[in-house]
Amino acid sequence: MLKHSYLFKCSRQLAQRLCLMTFSLLSAYALSAQTTVYSLDDLKPYLDDDNVHVILSPGTYTVTGAEALNGDYPDTVIMNGKTNKVLFLFKGNNSTYDFTGVTINVETSVFSSLGNYDVNEIQILGNNNVLKNLTLVDLGSVDDRPTKRAQNIVMDGSGNRIEGFHVTVKGSYPYGYGDAFGKGGSWTIKHYKHSGCLIRGESNHLKNSTFIQRSYGHCLFMQAASNPIIEGCYIEGEMRSTDDMLAETSGPAYDIDFQTVWGYRLPPGYMLSLGEGGIRAYNAGTTRIDGVEYQRGTSNPTVLNCTIKNMRTGVVLAHASGTKYVEGCSAIGCETGFSLGSNGDLVNCSADAAYGWVYKDAYDSNNGVNADITVLPPSAPYYNGSGVLAYIGGYNHNITLRSSDPNPNQGIQVMFGGDLPGIRFLNGANASQNNHTPDNVTLNNFTGFPVLLTSGSSNISGQSCGTITDNGTSNTLSQSTACNSNIALFGMASQSSTGYGGVANRAIDGDTNGKWSGNSVTHTNNEANPWWEVALDTVYSIGDINIFNRTDGCCKARLTNFTVSVINGGSTTFSQSYTSYPDPSITVDAGGAIGDVVRVQLDDTNPLSLAEVQVFESVNTITVQENETGFCGVEGTIDSNHAGHTGTGFANTTNSLGTGIDYEIDGDAGDYTLVWRYASTSDRPADLIVNSSTVASNIAFDLTGAWTSWANTAAVTVNLAAGVKTVRLEGVTSSGLANIDYMEVTGPNVAASSCTSGARKADTQPKVALSVYPNPATDVLYIDAPEQQFKHYAIFSLGGQQLRHGVLTADQQKIDVSGLTGGLYMLKLSGAATKTQMMKVVVK
Numbered sequence: 001m002l003k004h005s006y007l008f009k010c011s012r013q014l015a016q017r018l019c020l021m022t023f024s025l026l027s028a029y030a031l032s033a034q035t036t037v038y039s040l041d042d043l044k045p046y047l048d049d050d051n052v053h054v055i056l057s058p059g060t061y062t063v064t065g066a067e068a069l070n071g072d073y074p075d076t077v078i079m080n081g082k083t084n085k086v087l088f089l090f091k092g093n094n095s096t097y098d099f100t101g102v103t104i105n106v107e108t109s110v111f112s113s114l115g116n117y118d119v120n121e122i123q124i125l126g127n128n129n130v131l132k133n134l135t136l137v138d139l140g141s142v143d144d145r146p147t148k149r150a151q152n153i154v155m156d157g158s159g160n161r162i163e164g165f166h167v168t169v170k171g172s173y174p175y176g177y178g179d180a181f182g183k184g185g186s187w188t189i190k191h192y193k194h195s196g197c198l199i200r201g202e203s204n205h206l207k208n209s210t211f212i213q214r215s216y217g218h219c220l221f222m223q224a225a226s227n228p229i230i231e232g233c234y235i236e237g238e239m240r241s242t243d244d245m246l247a248e249t250s251g252p253a254y255d256i257d258f259q260t261v262w263g264y265r266l267p268p269g270y271m272l273s274l275g276e277g278g279i280r281a282y283n284a285g286t287t288r289i290d291g292v293e294y295q296r297g298t299s300n301p302t303v304l305n306c307t308i309k310n311m312r313t314g315v316v317l318a319h320a321s322g323t324k325y326v327e328g329c330s331a332i333g334c335e336t337g338f339s340l341g342s343n344g345d346l347v348n349c350s351a352d353a354a355y356g357w358v359y360k361d362a363y364d365s366n367n368g369v370n371a372d373i374t375v376l377p378p379s380a381p382y383y384n385g386s387g388v389l390a391y392i393g394g395y396n397h398n399i400t401l402r403s404s405d406p407n408p409n410q411g412i413q414v415m416f417g418g419d420l421p422g423i424r425f426l427n428g429a430n431a432s433q434n435n436h437t438p439d440n441v442t443l444n445n446f447t448g449f450p451v452l453l454t455s456g457s458s459n460i461s462g463q464s465c466g467t468i469t470d471n472g473t474s475n476t477l478s479q480s481t482a483c484n485s486n487i488a489l490f491g492m493a494s495q496s497s498t499g500y501g502g503v504a505n506r507a508i509d510g511d512t513n514g515k516w517s518g519n520s521v522t523h524t525n526n527e528a529n530p531w532w533e534v535a536l537d538t539v540y541s542i543g544d545i546n547i548f549n550r551t552d553g554c555c556k557a558r559l560t561n562f563t564v565s566v567i568n569g570g571s572t573t574f575s576q577s578y579t580s581y582p583d584p585s586i587t588v589d590a591g592g593a594i595g596d597v598v599r600v601q602l603d604d605t606n607p608l609s610l611a612e613v614q615v616f617e618s619v620n621t622i623t624v625q626e627n628e629t630g631f632c633g634v635e636g637t638i639d640s641n642h643a644g645h646t647g648t649g650f651a652n653t654t655n656s657l658g659t660g661i662d663y664e665i666d667g668d669a670g671d672y673t674l675v676w677r678y679a680s681t682s683d684r685p686a687d688l689i690v691n692s693s694t695v696a697s698n699i700a701f702d703l704t705g706a707w708t709s710w711a712n713t714a715a716v717t718v719n720l721a722a723g724v725k726t727v728r729l730e731g732v733t734s735s736g737l738a739n740i741d742y743m744e745v746t747g748p749n750v751a752a753s754s755c756t757s758g759a760r761k762a763d764t765q766p767k768v769a770l771s772v773y774p775n776p777a778t779d780v781l782y783i784d785a786p787e788q789q790f791k792h793y794a795i796f797s798l799g800g801q802q803l804r805h806g807v808l809t810a811d812q813q814k815i816d817v818s819g820l821t822g823g824l825y826m827l828k829l830s831g832a833a834t835k836t837q838m839m840k841v842v843v844k
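Counting from 1, one number per residue, gives the positions in the sequence shown under full-length UniProt numbering.
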């Protein structure tokens, strides 16, 4: 490796030319050669060099507190008048440092050993450097705080890239309470923060790195950063419930009686991150580029394909300026998922609401955000103390929320303005971030979560699959009718390129308007074979695909010669090409092709523009008669004595509470619609039980007037998982069921299934050995079934009213009957491996 200049003494012209050639070759060698060093001391001299490629030999290296105290790491950076101690200061330019296979442990005692200074473990001041593949670990206790503050990484300069790092951040105070007792200038417990990575400078890039945050401080944050990029990073913090904090009987929080920085005692019922922001931008800061200091905010940040777990916030760019772009990011188990402030795009992102909202407008002045968020199932049981899915304020936003969950938690709502019941906003705290009055916001709520339009909301438009409560003015948000059928609404759209702001998710926004001026049409660049696709939330059997073209006279003919495909795991399962453009739409029958991606591709050179793509499951309808596959049994008889039935007879249950009919069907995951043809001389409602779980209660089987008068029930639609399903129709009165002619089922690839027990029958399976005692009972009934274990119980009055129900566990086969009035009751027992059993019990 060349590290020094060579003197060439050449007296003749030819020799001079040879010298120049030799020098050029040596220079090229110097630029391309790699140097391997074998210790941290050997590494240090290269940190201020230009145009070097240095490899630290694989192994584990440790920076000790004793070394720091001994002055082995003397580098300092003075910025904005403040002195920072730096362990590894990269001051050169255009250099590469390869740490593949290297772990550097930094003892947490280093932070105090360096004195009363901020400590940066790694800092870059040069330009166009690459640091890659380092494992950086803080070794010690989470409570080993710095004397002031600490950062594992600081990026200044211009055009630098850190890639492939794995960083464990540890050492702060107090750790275990999040920001409840202070985070900035005010505090009730003095804090000493330790953050993961501070990005400043110009066009610096953090890529494909993992940060395990076990300290109080931000994980990744930006100050004085222009055009920063954070890409492909995984961030993980820790959560703790306020109930757990309040259970402490000693410690700093206990000593101040849990008085928060917000002016009130820490309330129970919330979950807090023990760190701060996952990815956060600030509107101030100081950086140094080429030796010049700049004081400014953060501008034009880009965040791509990052996952943030268990942090106070996922991606919050509210304080950045310029254009903000976030794509492909997930916030899991965070208190806040996303918040962009103004003029930002949130594309194909996802978050859950286990502990807090997936989206929040920080201030009522926020405007111009386009957000598309898929609401994920909760990563842990809901502990969302606010009961809020999204808190929307500001104006001129376009917000889309997606979820295919058929049974969303109705206690969690989308909230437009009003008083936000978050832990930091109680009793008037942080008033500037609460009680928003949103105006002119479009919401596409493709979830079943309810929406509350508070009194301060106005001109809120769009559509919602969830219920709408409108207390505002001039709101036109409407109930959507497409929520249970168009599965494209629950997917994520992408395309080969984006031109003129025509982003891909415009084609799954529920709006078929084909005019460009309606802001609902996609647009790629002018390129060869541009494509658009939607990745569905799971694998489906695909039926109809509706494609709506752009309708502007200038451009609709561009969609000539295109191909529609269904793709499953990268393999094409259906493909159909068309030579004429849709005017305005076309329906493509995919014939039940199995896939998780639907793609539209132009077989030409042109921009590709689409108004909307709708995707529907392939559904079919079957009828299950009492003499056909899929009919498994009736607790009663098969009769034919009443005219008008369509098969060889009809199923007639005994007149007893809890008697029923059992069926078995197969099919893909999705919505199933069931209808029964029946006759009855009295009202005989029933429950629908699938795989031992009640999925619909008190289905109406109203009297038809005579046993020979047959009618159909109203349709019952339920969302079921893929595979074979046991279906039971069970009477909920002492009269049993109506006479059932057949069951009709419509669903994705639905088919009748041969019953698990083998042959069909017109009687119940033999009852398991069962003892219920004591009978009569005073307080407790005990269940003894040696051959089977029952899973569920219900107690009914003789009139059919359900009085109690619950779950039976392996170690708790007993039922509390205390409080029931003395008398005769019906007990129903059911379980995954048993037939339902009914019996009379007496309570004294």
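We put the beta carbon where it would ideally sit given N, CA and C, even for glycine.
Return yes when the Cβ of residue j is within less than 7 Å of the Cβ of residue i, no when it is not.
i, j, result
"residue 847", "residue 222", "Because residue 847 is not part of the residues shown, which for the chain are 1 to 844, the question remains open."
"residue 438", "residue 417", "yes"
"residue 169", "residue 213", "yes"
"residue 64", "residue 107", "yes"
"residue 494", "residue 504", "yes"
"residue 507", "residue 612", "yes"
"residue 514", "residue 582", "no"
"residue 524", "residue 553", "no"
"residue 127", "residue 80", "no"
"residue 199", "residue 225", "yes"
"residue 37", "residue 43", "yes"
"residue 471", "residue 458", "no"
"residue 649", "residue 638", "yes"
"residue 731", "residue 777", "no"
Tell me residue i's beta-bridge partners as DSSP assigns them.
i, result
"residue 225", "201"
"residue 100", "DSSP output for residue 100 lists no bridge partner at all."
"residue 616", "486"
"residue 719", "671"
"residue 271", "241"
"residue 288", "293"
Here's the rule I'm using: 16 or more other beta-carbon atoms within 10 Å means buried, otherwise exposed. How should residue i be labelled?
i, result
"residue 531", "buried"
"residue 1", "Confidence is the limiting factor: at residue 1 the pLDDT is only 36, short of 50, which leaves the residue's position unreliable, though a coordinate-based value still follows. Exposed, because fewer than 16 other Cβ atoms sit within 10 Å of the Cβ of residue 1."
"residue 366", "buried"
"residue 684", "buried"
"residue 580", "exposed"
"residue 339", "buried"
"residue 844", "exposed"
"residue 34", "exposed"
"residue 292", "exposed"
"residue 807", "exposed"
"residue 842", "exposed"
"residue 758", "Reliability fails at residue 758, whose pLDDT of 38 lies under 50, so the model's placement of it is uncertain and the value that follows must be treated cautiously. Per the 10 Å Cβ criterion, exposed."
"residue 23", "Confidence at residue 23 is low in this model, with a pLDDT of 44, below 50, so its placement is unreliable and the value that follows should be read with caution. Classification for residue 23: exposed."
"residue 400", "buried"
"residue 805", "exposed"
"residue 265", "exposed"
"residue 282", "buried"
"residue 823", "exposed"
Hey, residue i and residue j are a contact pair by Cβ (cut 8 Å); roughly how many whole angstroms apart?
i, j, result
"residue 188", "residue 261", "5 Å"
"residue 136", "residue 152", "6 Å"
"residue 479", "residue 487", "Not a contact, Cβ separation roughly 19 Å."
"residue 651", "residue 661", "5 Å"
"residue 321", "residue 299", "5 Å"
Does the beta-carbon of residue i, which I'm using as the reference point, lie nearer than 6 Å to any heavy atom of the ligand GDP?
i, result
"residue 190", "Questions concerning the ligand GDP fall outside what the structure shown contains, since it holds no ligand whatsoever."
Runs of 3 residues minimum, wholly inside the UniProt domain "F5/8 type C" (465-575): which ones carry the beta strand (DSSP E) assignment?
468-470, 492-495, 531-549, 562-568
Let me know the beta strand (DSSP E) ranges lying completely inside the region 104-169, each 3 residues or longer, listed in chain order.
118-124, 130-139, 150-155, 161-163
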